[in-house]
Amino acid sequence: MNMLSGKVALVTGASRGIGREIALTLAEYGAAVIVNYNGSKEKAEEVVKEIVQKGGTAECVQCSVADEAACKEMINSMLAQFGHIDILVNNAGITKDNLLMKISEEDFDAVIDTNLKGTFHTIKCMYRAFLKQKGGRIINLSSVSGVLGNAGQANYAASKAGVIGLTKSVARELAGRNVTVNAVAPGFIDTDMTQAMSESAKEATIGQIPLKRVGQPREIAETVAFLASDKAAYITGQVISVDGGMAI
Numbered sequence: 270m271n272m273l274s275g276k277v278a279l280v281t282g283a284s285r286g287i288g289r290e291i292a293l294t295l296a297e298y299g300a301a302v303i304v305n306y307n308g309s310k311e312k313a314e315e316v317v318k319e320i321v322q323k324g325g326t327a328e329c330v331q332c333s334v335a336d337e338a339a340c341k342e343m344i345n346s347m348l349a350q351f352g353h354i355d356i357l358v359n360n361a362g363i364t365k366d367n368l369l370m371k372i373s374e375e376d377f378d379a380v381i382d383t384n385l386k387g388t389f390h391t392i393k394c395m396y397r398a399f400l401k402q403k404g405g406r407i408i409n410l411s412s413v414s415g416v417l418g419n420a421g422q423a424n425y426a427a428s429k430a431g432v433i434g435l436t437k438s439v440a441r442e443l444a445g446r447n448v449t450v451n452a453v454a455p456g457f458i459d460t461d462m463t464q465a466m467s468e469s470a471k472e473a474t475i476g477q478i479p480l481k482r483v484g485q486p487r488e489i490a491e492t493v494a495f496l497a498s499d500k501a502a503y504i505t506g507q508v509i510s511v512d513g514g515m516a517i
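Structure (structure tokens):
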């Protein structure tokens, strides 16, 4: 259970949902975890408290990943505190769903700025540290919507498809320094977002899943943990779909 012992992981958007589960799971495997949040301070502190109560090490830090200067300040501060960051998990993301004709430019930009540019910002701010360390893991959260597209999510799907392209490009750039870069594309996962859907909408979506069930956040977190470990040392530039077969 200590396959990440001695490692330091930064997980963005880790105060709730999939990000929270990723933070808890990486801590279980021995990593010290930096719990990033934007607005949910109390929830982020609860994640840190849970990790510490189980004997782990964690710290929470506020930062909007859409703000490059704030990302730089956060990462430099955490590098100074921990000495190194070995695992970067780009999970922070938002949705502002609507039909394309109804999406405002502000809503389109907000989703791109957080989901895609936020991923770009954190990688850019960690780039030199990874080069100096000559090793590391970057795991970016994409989505089945970024693989297949989804009606009513043009902005979100575009941002998550962009994450895939960014992942593959950075993987090529950093491979020579033993830094792997991969993406995980979750499908229909049991989170606050999906719980808010009507029962009829849930049933319709589950009907499109070959495994005929909703996925659990832990299933995403375990995939991230695997990619963060030495077991995945020869995997880079890949998109791992954890979606019950939706993208087949």
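Numbering (the working numbering), first residue to last: 270 to 517. For every residue, glycine included, the Cβ atom is placed at its ideal position computed from N, Cα and C.
Going by DSSP, Gly-286 is part of the alpha helix (DSSP H) stretching over 286-297.
Beta-carbon to beta-carbon, Ala-426 and Gly-418 are separated by about 5 Å, close enough to satisfy the 8 Å threshold. Here DSSP, grouped into helix, strand and coil, assigns Ile-517 to coil.
CA-CA distance, His-353 to Met-395, rounds to 10 Å. Rounded to the nearest whole angstrom, the CA to CA distance from Ile-291 to Ala-300 is 11 Å. By the neighbour-count criterion, in which a residue is buried when 16 or more other Cβ atoms sit within 10 angstroms of its Cβ, Leu-368 is exposed.
Per DSSP, reduced to three states, the secondary structure at Gln-402 is helical. Contact between the region 407-415 and the region 465-482 is not established, with fewer than three Cβ pairs separated by less than 8 Å. Judged by DSSP in its simplified three-state form, Tyr-396 adopts helix.
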